[in-house]
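Engineer:
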Amino acid sequence: MAEGLVNLITKQRPTVISKWFDSAIHAYAADTAAFIQSQKDPFANPVGSQTRNSVEGLFDQLVGGMDAGAIHACLDPVMRIRAVQNLTPAQATAFIFALKKILRDMFDKQLKDAEGMRSFLEVESRIDRLGLAAFDVYMACREKIYELKANETRNRTFKAFERAGLIKKDPGKVPDA
Amino acid sequence: MAEAKPKPKDVLDQLNYQPPRADWMDTPVEIRKGMYCYASNPKSVATLGLPNARPWNPTDEDWKLPENWQQIIHEGFKERLERFRSFKVFMDICVRCGACADKCHYFIGTGDPKNMPVLRAELLRSVYRNDFSRMGKILGKLNGARPMSVNVLKEWWYYLFQCSECRRCSLFCPYGIDTAEITIMGRELLNLLGLNIDWIATPVSNCYMNGNHLGIQPHAFKDMLDFFVDDIEEKTGVRVKPKYMKKGADILFITPSGDVFADPGTYTAMGYMMLFHYLEEKYGLDITWSTYASEGGNFGFFTSHETMKRLNSKMYAEAKRLKVKWILGGECGHMWRVINQYMDTMNGPADFLDVPVNPITGTRFEQARSNKMVHITEFTADLIRNGKLDLTPSRNDYMKVTYHDSCNPARGMGLFEEPRYVIQNVCNHFYEMPPNTIREQTFCCGSGSGLNAGENMELRLAGGLPRGNAVKHVQDSYGVNMLATICAIDRAVLPTLVDYWAPGVQVTGVHEMVANALNLSGQNERSTNLRGEEIEDLKAQSEGNADE
Amino acid sequence: MNRKYMFAFIAVLVLFLIAWIGASIGLQWLFGVAVPYLAVLIFVVGFTRKVLGWSRSAVPFAIPTTGGQAKSFDWIQDAKLDNPSSKFGVFMRMVLEVFAFRSLFRNTRMKLKEGKLFYQLEIFLWVGALAFHYAFLTVVLRHMRFFLEPVPWCLQMLETVDSFFRIEIIYPQFQFGLPAVYLSGIVLLAAVVYLAVRRIVIPSVRYISLASDYFPLILIFGIAFTGIMMRYVAKIDINAAKQLTLGLVTLHPTVPDGIGAIFYIHLFFVCTLLAYFPFSKLMHLGGIFLSPTRNMLGNTRAYRHVNPWNYPVHVHSYDEYEEEFREKMVEAGLPVDKPLEAAAETAAGKE
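Chains A, B and C, in that order, give the protein sequences.
Once you know that position 49 of the first sequence is 48 in numbering that gives the first Met the number 0, the rest is easy, because the numbers rise by one and skip nothing.
Once you know that position 132 of the second sequence is 131 in numbering that gives the first Met the number 0, the rest is easy, because the numbers rise by one and skip nothing.
Once you know that position 157 of the third sequence is 156 in numbering that gives the first Met the number 0, the rest is easy, because the numbers rise by one and skip nothing.
Here you go:
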């Protein structure tokens, strides 16, 4: 049903991706965003390159198979970064939904007739699914961070003490390093 | 000033987020959870006799500053300008060209513009211009000057504890302006007001009183090493005999206490013990440990020059007391910046020690002829070079190794080839990370300079992103499964970091690898590594992964 | 609109008006003699004081940034420039730093892509900075002809090299004998425009820029612009100008008639730059030579650096340590300096 629109979107791949990428990095301060946008070296600018890769991968899923595993794999790098960057969950995931507005602005002609509208709603539902998946990945990363926080001391100092038999029955408080 | 708790309205605004265009001076600091470390415990501050010990909380409005705090800062600033040419010159000559801006791992990872090195320095420079330059005072904000205020102070505190003093920016600066130097001065000033973080203050006080950061008392230190003895015997069938504070030994060995008490550094400590055992059995070399000088690391360096000197003094004092010939230092990062660039000046001259000579190879370590302290990778590289070690590198065949240059041995010493030489002689699969992430351009682990606490995990992970990203790259490209390093903080924090950014990669010290490859006389079949994992299983696993 | 560069722009505009009005209402002596003397005085005194101020501050520790392998074993190649172990190495490191902006060049990443060498955008900062500084140097040297009579041959050589671009438009009815175009002037103008535009356009650089970063750029633009105008468009009486400048250096100041107002504007801009110099970031000219991360030797373990203010500190001695832990140490089989009994006796003796 939405094939026509999807084809149109696919034809505009570079434009959509570039707009989407720009909107994604709007989560950062203006001066930072410029750096993220312009520095192309993936090692000097991991945020930019991972975000770009993610956006490209997600685009292909949106116009392609919407494969859950692949979507997850595309979302993981970018959400993993956003989860440590002091963005709120809303800020971290907002760029997924921003695609709606980008597409509406780019393909407003298609919105005029009922058929086009239906295709649009179909595509937007797909975007919603991407958004929900993004929440999942974001939360998984946050949980991972809490887990790392909780386990770190235990995994290092406590374990070493335990192995050495320095901790007897009641471990009590883990010693401060 | 409280922690940022998003209100419903904020969240809605953020959905339509347009970054503020305000000047950085007009953007007040927001102390965010996950980015800052807890305040120093007053007891630790008092133990060292440092000023203004008191309980305080960074997220409180009132930091309980002494009444004349502005005067203290002003006078402290003035004093440091006279004592440190680096500070004075760096306050004056920055042209804000922006070459450093994107070189900081914290900026790259957090995206916070105030983490650009130039801006971190401007935090202090703005006050310098106001207090010490007439032009700055007259032109005020236009000239980038501003008076010291509580908010400025909080901004200093927040961002000076988001710098790991890694010196990467300094490499790119056309005038060699070193943000580490500025952070060091800024932290000294903060310490005049008792504004340290606990992750630094308490280890410092522990180290001062008990000889090491963890506050381990002498008998517990020995217990731990005794345990390693059992562990080594279990895995290799050889019982090693570490010596403690043996007077007249050839060499005093000092390593960060993290190697003795925190995994996976403990395996590196076992590595040292096995190496020393081998050298004693075969060549009669006499190396001793000390519980008094049981800390190579020096969190005093992250407090003030004076505190650094107080902690560091134990190395020479103990070497003198034990009448050893010279000192051997373990794998540690900032420890080696202190030893290389500060120790001899602060606590030398070490004229009671000999110019280090390796009695086994006859090599005279000319590079350490004044401060008399040799890095263990130099020592081992020399042994390997002269064919003095019996090694079976294939025991490390399950490892696909990459090497993380720690910031301080890289940009504060220039130790690049020795660890690589050792690694390449004890394992068969070694892969470098991309050139702009290693050697002098190495990226920090994100947790250096005392920022390896737990509460600032987001900061650590964000700061470690450039490093994690490069590790992920070699993991994906070559199947790298082991990250080798010569820094105790690295060994403590990189497992967490790679667990997040490149899951599946493990972290090892270089001497853990040496020990795995080293053949001891009377050893068993050595079917496991030091971690007790079956080598054949690991080999099969790693081959399986490579096939995928 | 950014207040910072607007302020800098307005400041230069005000300077322009002051000089223009001054020259128009007959204050030639003030702007041609008094102000230049004052400016040179401020420059010399200010510069010297600043450098002396820096050198009065101690260098307590040897803290070079080690950008390469330290000198260690014979069989390991050391980085002689980036981690110098000899004074010559330091000298070369400084020479390359001062004359080739080597650290800034590091900023440039080169990439081999399909056999072709690609430079990333950052190279423009390095190129721009080099162009700016060398053009400025050439212009300054060229201006020495105004202070020397006869003009030494080396200056004439420099001018010949600098002016190998000759645009002479000579029509029969339009004898616009355009003098030789000095490359340095054009390059200086272009580079200063580039550096200013870069500051305004790149958001992160704009974010860190202060009014005091724009001011010298705009001022130097003003200097170059008025200079070029004087030479090619609103021509002034060069001989009269040289009479004035020679008068200044020979300490017999005269103010010849008929030098256009634009000369005084040019001169006033230069004076402002001179007087502003010692109090601004432009002092990086002197500061780079004193930067401890660049001008120190990397062999810090082989030679002891002396800290002039090294002072004794409180330490926790081994004796204090043993005193606290003696029993536990003995129990764990660790050697102690004073056996338990002896220590107990001493303690009893004290009481």
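The C-beta atom is built at its ideal place from N, Cα and C for all residues, glycine as well.
Can you give me the C-alpha to C-alpha distance between Pro383/C and Leu14/C, rounded to a whole angstrom?
Structural biologist: No statement about residue 383/C is possible, as the shown extent of chain C runs from 0 to 350 and does not include it.
Engineer: List the whole-angstrom C-beta distance separating Asn195/B from Ser256/B, where the pair is believed to meet the contact cut-off of C-beta under 8 Å.
Structural biologist: Locating residue 195/B in the second sequence gives position 196, counting from the first residue. Locating residue 256/B in the second sequence gives position 257, counting from the first residue. That pair is no contact at about 20 Å.
Engineer: In chain order, what are the residue ranges of uninterrupted alpha helix (DSSP H) at least 4 long that sit wholly in the region 270-335 of chain B?
Structural biologist: If we require 4 residues or more, the alpha helix (DSSP H) runs fully inside the region 270-335 of chain B come out as 304-321.
Engineer: Whose C-beta lies closer than 7 Å to the C-beta of Leu218/C among residues of the same chain, with five residues either side of it excluded?
Structural biologist: As a first step, residue 218/C is located in the third sequence; it is residue number 219 there, counting from the start. Excluding sequence neighbours, Leu218/C sits near Val11, Phe268, Thr271 and Leu272.
Engineer: Can you tell me the Cα-Cα spacing of Leu111/C and Leu57/A, whole angstroms?
Structural biologist: Along the third sequence, read from residue 1 onward, the residue named residue 111/C stands at position 112. Along the first sequence, read from residue 1 onward, the residue named residue 57/A stands at position 58. Interpretation of Leu111/C is limited by its pLDDT of 46, a score under 50 that renders its predicted location unreliable; no figure is taken from the coordinates.
Engineer: Enumerated in chain order, which unbroken segments of the alpha helix (DSSP H) with a length of 4 residues or greater are wholly contained in the region 121-168 of chain B?
Structural biologist: Taking only runs of at least 4 residues, the alpha helix (DSSP H) segments lying wholly in the region 121-168 of chain B are 133-138 and 149-159.
Engineer: Taking the straight line between their C-alpha atoms, what separation do you get for Cys153/C and Ala367/B?
Structural biologist: The sequence position of residue 153/C within the third sequence is 154, counting from 1. The sequence position of residue 367/B within the second sequence is 368, counting from 1. Rounded to the nearest angstrom, the two C-alpha atoms are 49 Å apart.
Engineer: Can you find a C-beta in chain B that's less than 7 Å from the C-beta of Met282/C?
Structural biologist: As a first step, residue 282/C must be located in the third sequence, where it is residue number 283. By this cut-off, Met282/C is an interface position.
Engineer: Let me know the secondary structure DSSP gives Phe429/B once reduced to three states.
Structural biologist: Here residue 429/B is taken as the residue at index 430 of the second sequence, counted from 1. If DSSP states are grouped into helix, strand and coil, Phe429/B belongs with the strands.
Engineer: Would you identify the three-state DSSP class for Ile383/B, choosing helix, strand or coil?
Structural biologist: Against the second sequence, residue 383/B aligns to sequence position 384. Ile383/B falls in the helix class under three-state DSSP.
Engineer: Quick check: the region 237-253 of chain C against the region 197-216 of chain C, are there 3 or more CB pairs under 8 Å?
Structural biologist: The region 237-253 of chain C vs the region 197-216 of chain C: no contact.
Engineer: Let's test the definition: count the other Cβ atoms within 10 Å of the Cβ of Tyr243/B and tell me whether it reaches 16, buried, or not, exposed.
Structural biologist: Counting from one through the second sequence, the residue named residue 243/B turns up at place 244. That one is buried.
Engineer: If you run the structure through DSSP and keep just helix, strand and coil, what is Leu16/C?
Structural biologist: Residue mapping note: residue 16/C aligns to position 17 of the third sequence, counting from 1. Of the three classes helix, strand and coil, the one that applies to Leu16/C here is helix, per DSSP.
Engineer: Alpha carbons only, please: which of Phe171/B, Tyr430/B and Trp155/B is nearest the one belonging to Ser476/B?
Structural biologist: Locating residue 476/B in the second sequence gives position 477, where the first residue counts as 1. Ranking the options by Cα distance to Ser476/B, first place goes to Tyr430/B.
Engineer: Is Ala178/A close to chain C? Criterion is C-beta to C-beta, closer than 7 Å.
Structural biologist: What is shown of chain A runs 0 to 176, which leaves residue 178/A out entirely.
Engineer: I need the DSSP call for Glu457/B, collapsed to helix, strand or coil.
Structural biologist: By one-based count along the second sequence, residue 457/B stands at place 458. It is helical.
Engineer: With the cut-off set at 7 Å, would you say Gly295/B and Ile253/B are in Cβ contact?
Structural biologist: To locate residue 295/B, count along the second sequence from 1; it is residue 296. To locate residue 253/B, count along the second sequence from 1; it is residue 254. Yes; because the gap between Cβ atoms is below 7 Å, this pair is in contact.
Engineer: Taking CB distances under 7 Å as the criterion, tell me whether Phe34/A reaches chain C.
Structural biologist: Along the first sequence, read from residue 1 onward, the residue named residue 34/A stands at position 35. Yes - at least one Cβ of chain C is within 7 Å of the one on Phe34/A.
Engineer: Identify, in the order they occur along the chain, each residue of the same chain with its Cβ nearer than 6 Å to the Cβ of Trp335/B, setting aside the five sequence neighbours on each side.
Structural biologist: Mapped onto the second sequence, residue 335/B falls at position 336. Same-chain partners within the cutoff: Asn407, Pro408 and Met412.
Engineer: Can you pull the chain B residues whose beta carbon is under 7 Å from the beta carbon of Ile80/A, in chain order?
Structural biologist: In the first sequence, counting from the first residue as 1, residue 80/A sits at position 81. Result: Leu464.
Engineer: Below 8 Å on C-beta distance, what does Lys308/B contact in chain C?
Structural biologist: Locating residue 308/B in the second sequence gives position 309, counting from the first residue. Correct list: Val312.
Engineer: Buried or exposed: Lys42/B, going by 16 or more other Cβ atoms within 10 Å of its Cβ?
Structural biologist: Start at 1 with the first residue of the second sequence, and residue 42/B comes out as number 43. The residue in question, Lys42/B, is exposed, as its Cβ has fewer than 16 Cβ neighbours within 10 Å.
Engineer: Under 7 Å, Cβ to Cβ, is there at least one residue of chain B near Leu40/C?
Structural biologist: Residue numbering aside, residue 40/C sits at position 41 when the third sequence is read from its first letter. Answer no: the Cβ-Cβ gap between Leu40/C and chain B never drops below 7 Å.
Engineer: Any C-beta of chain B sitting closer than 7 Å to the C-beta of Val83/A?
Structural biologist: Numbered from 1 along the first sequence, position 84 holds the residue referred to as residue 83/A. Cβ-Cβ to chain B under 7 Å: yes for Val83/A.
Engineer: So what's His251/C in DSSP terms, helix, strand or just coil?
Structural biologist: Locating residue 251/C in the third sequence gives position 252, counting from the first residue. In this structure, His251/C counts as coil in the three-state DSSP scheme.
Engineer: If you measure from the beta carbon of Ala139/A to each beta carbon in chain B, is any gap under 7 Å?
Structural biologist: One-based indexing of the first sequence puts residue 139/A at position 140. Answer no: the Cβ-Cβ gap between Ala139/A and chain B never drops below 7 Å.
Engineer: Would you say Val404/B and Arg438/B are within 7 Å of each other, going by their C-beta atoms?
Structural biologist: If you number the second sequence from 1, residue 404/B lands on position 405. If you number the second sequence from 1, residue 438/B lands on position 439. Per the sequence shown, residue 404/B should be read as Asp rather than Val. For Asp404/B and Arg438/B, yes; Cβs fall inside 7 Å.
Engineer: Scan the region 15-55 of chain C and note each continuous alpha helix (DSSP H) run of 4 residues or more that stays entirely inside, going in chain order.
Structural biologist: Counting only runs of 4 or more, we get 34-55.
Engineer: Can you list, in chain order, the residues of its chain with a C-beta nearer than 8 Å to that of Met65/A? Leave out the 5 residues immediately preceding and following it.
Structural biologist: Sequence index remark: in the first sequence, residue 65/A carries index 66 (1-based). Around Met65/A: Arg125 and Arg128.
Engineer: Does Glu533/B come out as helix, strand or coil in the three-state DSSP assignment?
Structural biologist: Your numbering for residue 533/B matches position 534 in the second sequence. Glu533/B: strand per DSSP, three-state reduction.
Engineer: Whole angstroms is fine: what's the gap from Pro5/B's alpha carbon to Ala144/B's?
Structural biologist: Translated into the one-based positions of the second sequence, residue 5/B becomes position 6. Translated into the one-based positions of the second sequence, residue 144/B becomes position 145. At Pro5/B, the pLDDT of 46 sits below 50, so the modelled position is not reliable and the matter cannot be decided from this model.
Engineer: Where does the unbroken alpha helix (DSSP H) through Tyr320/C begin, and where does it stop?
Structural biologist: Sequence index remark: in the third sequence, residue 320/C carries index 321 (1-based). Looking at the DSSP string, the run of the alpha helix (DSSP H) that includes Tyr320/C is Tyr317 to Glu330.
Engineer: Helix, strand or coil, according to DSSP, for Val373/B in the structure here?
Structural biologist: Indexing the second sequence from 1 puts residue 373/B at position 374. The answer is strand: DSSP assigns Val373/B an E or B state.
Engineer: On the DSSP bridge assignment, give the partners of Val506/B in chain order.
Structural biologist: Position 507 of the second sequence, counted from the start, is the residue given in the question as residue 506/B. Leu482/B.
Engineer: Buried or exposed, going by whether 16 or more other CB atoms sit within 10 Å of the CB of Gln155/C?
Structural biologist: Here residue 155/C corresponds to residue number 156 of the third sequence, with the count starting at 1. Burial call: exposed.
Engineer: Strictly under 7 Å for the Cβ-Cβ distance: is Leu61/A near chain B by that measure?
Structural biologist: Taking the first sequence and counting its residues from 1, one reaches residue 61/A at position 62. By this cut-off, Leu61/A is not an interface position.
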